[in-house]
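Residues 12 to 143 (our numbering) make up the sequence shown, in order. Note that CB positions come from ideal geometry on N, CA and C, so glycine has one too.
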Amino acid sequence: MSFIKTFSGKHFYYDRINKDDIVINDIAVSLSNICRFAGHLSHFYSVAQHAVLCSQLVPQEFAFEALMHDATEAYCQDIPAPLKRLLPDYKRMEEKIDAVIREKYGLPHGYEHACEICRSHHAGNRTPRSRA
């Protein structure tokens with residue numbers, strides 16, 4: 012079986028994704044320990060920090076959506092987008108996990124609004140990138 016043991020002690024099975032194995036605290040703990048941009052930063056900047064920032068940038072009605080927009084990375088890690096495009100099997104797995112997370116937490120099918128605002132923010136070069 013292909014599974015990981017999560018922070019809460021649950022087993023998350025990649026070959027049979029079950030919404031009961033997805034725990035919001037597991038998502039929060041995991042994302043707080045994952046560094047964005049494959050770690051190529053001047054200081055640690057977690058996926059959780061990014062999610063919180065995004066949730067503060069969007070209108071209130073989209074805040075939870077923005078907070079959860081990278082929740083799949085708690086189970087799949089934060090893979091840089093250029094590499095992710097080369098990994099179609101990874102992308103399919105991420106989409107399956109995303110669908111279960113969306114169902115469990117009542118999120119809409121896309122995170123377009125929240126993601127657009129976050130992308131615009133990062134395009135303004137306000138992320139903690141190295142100056143090297």
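Output the boundary residues of the beta strand (DSSP E) element that contains residue i.
| i | result |
| --- | --- |
| Lys95 | Taken as a continuous stretch (DSSP letters only), Lys95 belongs to no beta strand (DSSP E), being part of the alpha helix (DSSP H) at 92-95. |
To which residues does DSSP link residue i through a beta bridge?
| i | result |
| --- | --- |
| Tyr24 | Phe14 |
| Cys46 | Ser57 |
Quick check on residue i - is its C-beta less than 8 Å from some C-beta in chain B?
| i | result |
| --- | --- |
| Tyr86 | Reference to chain B is not applicable here, since this structure consists of a single protein chain. |
Would you mind sorting residue i into buried or exposed? The rule is 16 or more other CB atoms within 10 Å of its CB.
| i | result |
| --- | --- |
| Leu97 | exposed |
| Phe14 | exposed |
| Arg3 | Because residue 3 is not part of the residues shown, which for the chain are 12 to 143, the question remains open. |
| His54 | exposed |
| His80 | buried |
| Phe61 | The residue you asked about is not Phe; residue 61 is His in the sequence shown. Burial call: buried. |
| Glu106 | exposed |
| Asp32 | buried |
| Tyr24 | exposed |
| Asp100 | exposed |
| Arg137 | With a pLDDT of only 49 at Arg137, under the threshold of 50, the placement of this residue in the model should not be trusted, and no figure is reported. |
Along the alpha helix (DSSP H) that carries residue i, what are the first and last residues, could you check?
| i | result |
| --- | --- |
| Ile108 | 99-116 |
| Ala82 | Neither: Ala82 is in no alpha helix (DSSP H) and is coded neither H nor E. |
Between the stretch 53-73 and the stretch 104-118, are three or more C-beta pairs nearer than 8 Å?
Under the three-pair Cβ rule at 8 Å, the stretch 53-73 does not count as touching the stretch 104-118.
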